[in-house]
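One structure below.
There are 2 protein chains.
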Amino acid sequence: MPKQTFFNLEPDKRQAVIKAAVEEFAQLPFEQASLTKIVEKCGIAKGSMYQYFEDKRDLYLYVVDLAYEQKRAYVGKAFAKGGDIFSVLEEYYLESYRFAQEHPLFHQVANKFWDSKTEVLQPYLEKGRLSRAHDFAQFLDDAMASGEVNGVLDPEAVFFVYHAVGKDLIDHFDQGRNDEFLKNVLDVLRLGLTARREEM
Amino acid sequence: MPKQTFFNLEPDKRQAVIKAAVEEFAQLPFEQASLTKIVEKCGIAKGSMYQYFEDKRDLYLYVVDLAYEQKRAYVGKAFAKGGDIFSVLEEYYLESYRFAQEHPLFHQVANKFWDSKTEVLQPYLEKGRLSRAHDFAQFLDDAMASGEVNGVLDPEAVFFVYHAVGKDLIDHFDQGRNDEFLKNVLDVLRLGLTARREEM
DNA sequence: CCCAAATGTGACTACCCAGTCATCTATTTG
DNA sequence: CAAATAGATGACTGGGTAGTCACATTTGGG
Numbered sequence: 059m060p061k062q063t064f065f066n067l068e069p070d071k072r073q074a075v076i077k078a079a080v081e082e083f084a085q086l087p088f089e090q091a092s093l094t095k096i097v098e099k100c101g102i103a104k105g106s107m108y109q110y111f112e113d114k115r116d117l118y119l120y121v122v123d124l125a126y127e128q129k130r131a132y133v134g135k136a137f138a139k140g141g142d143i144f145s146v147l148e149e150y151y152l153e154s155y156r157f158a159q160e161h162p163l164f165h166q167v168a169n170k171f172w173d174s175k176t177e178v179l180q181p182y183l184e185k186g187r188l189s190r191a192h193d194f195a196q197f198l199d200d201a202m203a204s205g206e207v208n209g210v211l212d213p214e215a216v217f218f219v220y221h222a223v224g225k226d227l228i229d230h231f232d233q234g235r236n237d238e239f240l241k242n243v244l245d246v247l248r249l250g251l252t253a254r255r256e257e258m
Numbered sequence: 059m060p061k062q063t064f065f066n067l068e069p070d071k072r073q074a075v076i077k078a079a080v081e082e083f084a085q086l087p088f089e090q091a092s093l094t095k096i097v098e099k100c101g102i103a104k105g106s107m108y109q110y111f112e113d114k115r116d117l118y119l120y121v122v123d124l125a126y127e128q129k130r131a132y133v134g135k136a137f138a139k140g141g142d143i144f145s146v147l148e149e150y151y152l153e154s155y156r157f158a159q160e161h162p163l164f165h166q167v168a169n170k171f172w173d174s175k176t177e178v179l180q181p182y183l184e185k186g187r188l189s190r191a192h193d194f195a196q197f198l199d200d201a202m203a204s205g206e207v208n209g210v211l212d213p214e215a216v217f218f219v220y221h222a223v224g225k226d227l228i229d230h231f232d233q234g235r236n237d238e239f240l241k242n243v244l245d246v247l248r249l250g251l252t253a254r255r256e257e258m
């Protein structure tokens, strides 16, 4: 958490710090991002940064939080709409895709977070993973109970597959995948590879 | 490519260099791995390393190649056995899993390679990705032509899903996922989420 | 045995980094 | 107005890195 001093700053200055930090952390993962470059970019002294934040990690987690706040505000609608599990998931990934296009920097910050390899960030990664797994498990249980989802599948394996594909999809949003491709990927997950003899 | 000098080395010394490099690159991604630590670990002078290799990247790519050579030798059997696409894939991931357990260092080196973010490695990553995509495409085309795989699916999307899940599976081999879980994940991909009304 | 070529060496360069702290400046308060 | 508090500063510390190079040592051929 930033120190009070940071919130006492004139908004312009505060925004300049945030902007520089977001740009740096969008470009490089935590380990390679440079605090020195951030302070140079926003024109404050190195020491000042330590009046505002405890350390590099503190600044980083604040910026990641900001990025996720933006994303939640954007993507939350998908779950609100309701419908069957497949339309909710499709809506969710479509919203994520649009978010990545409209707010590429926040998207990159949020997404790079999950690639962090540093020891100091592992507890935060673990916390995030667990909370997501929990949300999805709830969602999936309901869909299995209602017969929407094939009951012979292992819920943990389903989560694993969705997590892996979702992460990779979102990773590649930068590189011009379009809505059509997204739908095709979701079709693969929905239908499975085995040819179906039944009507659809 | 290593310089000739490297191959002129007494095998013991050469192996010591390889061992130290494999250990370092198994632990840390290219960007964070330290050449200095490698030379300290194997007890040669910093300058000697530059008699053997062009630079850090040269050493790294050599080690990654070694790791993949080991893996190919281990996993190649899966494709040789033949059978339908699902049994080949299952065999492939089972072999990968066993490889990860028996040769954890090589496994980690090979796998971390795909996380590399540095500019200097991008061409090599791209080359690797394309060659894998090509192999899989061939394989998938055949399975679609023969009706094994649902023909309504987009082959590119199928590759995308398998690539994402395969990468994540292999990532988590370290953390005690067992054969049973692997089969459950492959079931999700094979059957899809939608409940099936047909006989199986 | 000698000399030239090949190989080994580690101190050194030039760079990067996060974080500190004594000192300066501005603002607030009594 | 003065004292006290809060904020700003950037040179500095101590650490890390990849890569270099003048010199030392080993080796093999004549």
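One line per chain: the protein sequences are R and L, in this order. Under the working numbering, think of the first position of the first sequence as 59, with each following residue one higher. Under the working numbering, think of the first position of the second sequence as 59, with each following residue one higher. The beta carbon of each residue, even a glycine, is placed where N, CA and C say it ideally should be. What you are looking at is a predicted structure, and each value in this text was computed from that prediction instead of being measured.
Original post:
On the three-state DSSP scale, how would you describe Val210 (chain R)?
Top reply: Assignment of Val210 (chain R) by DSSP, reduced to helix, strand and coil, places it in the coil class.
Original post:
Along the chain, where does the alpha helix (DSSP H) that runs through Leu251 (chain L) open and close?
Top reply: Secondary structure note for Leu251 (chain L): it is in no alpha helix (DSSP H), with a DSSP letter that is neither H nor E.
Original post:
If we ignore side chains and look at the alpha-carbon of each, how far apart do Val246 (chain R) and Gly134 (chain R) end up?
Top reply: 24 Å
Subject >> Segment limits, alpha helix (DSSP H) that includes Ile102 (chain R) >> reply: No residue range can be given for Ile102 (chain R), since it is assigned to no alpha helix (DSSP H) and is classified by DSSP as neither H nor E.
Original post:
So, does the CB of Arg248 (chain L) fall closer than 7 Å to a CB anywhere in chain R?
Top reply: yes
Subject >> Inter-residue Cα distance where the pair is Met103 (chain R) and Asn66 (chain L) >> reply: Going by the sequence as given, residue 103 (chain R) is Ala instead of Met. Spanning the two alpha carbons is a distance of roughly 53 Å.
Subject >> Cβ-Cβ distance between Ser174 (chain L) and Ile228 (chain L) below 7 Å >> reply: no
Original post:
Applying a beta-carbon distance threshold of less than 8 Å, which residues of chain R neighbour Leu211 (chain L)?
Top reply: Contact note: Leu211 (chain L) reaches chain R through Asn242, Asp245, Val246, Leu249 and Leu251, using a C-beta cutoff of 8 Å and chain order.
Subject >> Stretch pair the region 89-104 of chain R + the region 71-81 of chain R: three plus CB contacts closer than 8 Å >> reply: yes
Original post:
Measuring CB to CB, does Leu249 (chain R) end up less than 7 Å from Gly250 (chain L)?
Top reply: yes
Original post:
Rounded to a whole number of angstroms, what is the C-alpha to C-alpha distance between Thr94 (chain R) and Phe111 (chain R)?
Top reply: 14 Å
Original post:
Helix or strand or just coil, what does DSSP make of Leu67 (chain R)?
Top reply: coil
**OP:** Within 10 angstroms of the Cβ of Lys293 (chain L), are there 16 or more other Cβ atoms? Answer buried if so, exposed if not.
**Re:** Outside the displayed range of chain L (59 to 258) lies residue 293 (chain L), so it cannot be described from this structure.
**OP:** State yes or no: is the C-beta of Asp226 (chain R) within less than 7 Å of the C-beta of Ala222 (chain L)?
**Re:** yes
Subject >> For Pro181 (chain R), the first and last residue of its enclosing alpha helix (DSSP H) >> reply: Gln180 to Ala203
Original post:
What separation, rounded to the nearest whole angstrom, lies between the Cα atoms of Arg187 (chain L) and Tyr151 (chain R)?
Top reply: Rounded to the nearest angstrom, the two C-alpha atoms are 24 Å apart.
Original post:
According to the Cβ coordinates, are Val216 (chain R) and Leu198 (chain R) closer than 7 Å?
Top reply: yes
Subject >> alpha helix (DSSP H) runs contained entirely in the region 107-155 of chain R, provided each spans 4 or more residues >> reply: 114-133 and 135-139
Original post:
Taking Cβ to Cβ, would you say Phe157 (chain L) is nearer than 7 Å to Tyr118 (chain L)?
Top reply: no
Original post:
In terms of residues, what are the limits of the alpha helix (DSSP H) holding His230 (chain R)?
Top reply: Taken as a continuous stretch (DSSP letters only), His230 (chain R) belongs to no alpha helix (DSSP H), as it is neither H nor E.
Subject >> Cβ-based contacts, 9 Å cut-off: residues of the region 148-165 of chain L near chain R >> reply: none
**OP:** Can you grab the Cα-Cα spacing for the pair Phe239 (chain R) / Ser106 (chain L), in whole Å?
**Re:** The alpha-carbon separation between Phe239 (chain R) and Ser106 (chain L) amounts to approximately 50 Å.
**OP:** Compute the beta-carbon to beta-carbon distance between Val178 (chain L) and Val121 (chain L), rounded to the nearest angstrom, for a pair I have assumed lies under 8 Å.
**Re:** Approximately 15 Å separates the beta-carbon atoms of Val178 (chain L) and Val121 (chain L); this is outside 8 Å, ruling out the contact.
Original post:
I think Ala84 (chain L) touches Leu163 (chain L), with their Cβ atoms under 8 Å apart; what is that distance to the nearest whole Å?
Top reply: Contact flag correct, Cβ pair sits at about 4 Å.
Original post:
Over what stretch of residues does the alpha helix (DSSP H) that includes Ala168 (chain R) continue unbroken?
Top reply: Pro162 to Phe171
Original post:
Do Val207 (chain R) and Ala201 (chain R) have their CB atoms nearer than 7 Å?
Top reply: Taking 7 Å as the Cβ cut-off, Val207 (chain R) and Ala201 (chain R) qualify as a contacting pair.
**OP:** Assign Glu19 (chain R) to buried or exposed, taking buried as 16 or more other Cβ atoms, counted over all protein chains shown, within 10 Å of its Cβ.
**Re:** Outside the shown range of chain R (59 to 258) lies residue 19 (chain R), about which nothing can therefore be said.
**OP:** Determine, using beta carbons only, whether Asn236 (chain R) and Asp212 (chain L) come nearer to each other than 7 Å.
**Re:** Not closer than 7 Å, so no.
Original post:
Skipping 5 residues on each side, what residues in its chain have a beta carbon closer than 8 Å to that of Phe194 (chain L)?
Top reply: Within the same chain, Phe194 (chain L) has close Cβ partners Phe217, Tyr220 and His221.
Original post:
Of the choices R:Gln109, R:Ala253, R:Asp123 and R:Ala203, whose alpha-carbon is the least far from that of Trp172 (chain R)?
Top reply: Among R:Gln109, R:Ala253, R:Asp123 and R:Ala203, the Cα nearest to that of Trp172 (chain R) is on R:Asp123.
Original post:
Is Gln90 (chain L) helix, strand or coil when you go by DSSP?
Top reply: coil
Original post:
Got a sec? Which residues, its chain only, sit under 7 Å from His161 (chain R) by beta carbon, not counting five neighbours each side?
Top reply: Gln128
Original post:
Given that a residue counts as buried once 16 or more other Cβ atoms are within 10 Å of its Cβ, and exposed if not, what is Phe137 (chain L)?
Top reply: exposed
Subject >> Assigned secondary structure, Lys95 (chain R) (DSSP; H/G/I helix, E/B strand, else coil) >> reply: helix
**OP:** Under the assumption that Asp113 (chain L) contacts Met59 (chain L) (Cβ atoms under 8 Å), give the Cβ distance between them as a whole number of angstroms.
**Re:** Asp113 (chain L) to Met59 (chain L), Cβ: 12 Å. No contact.
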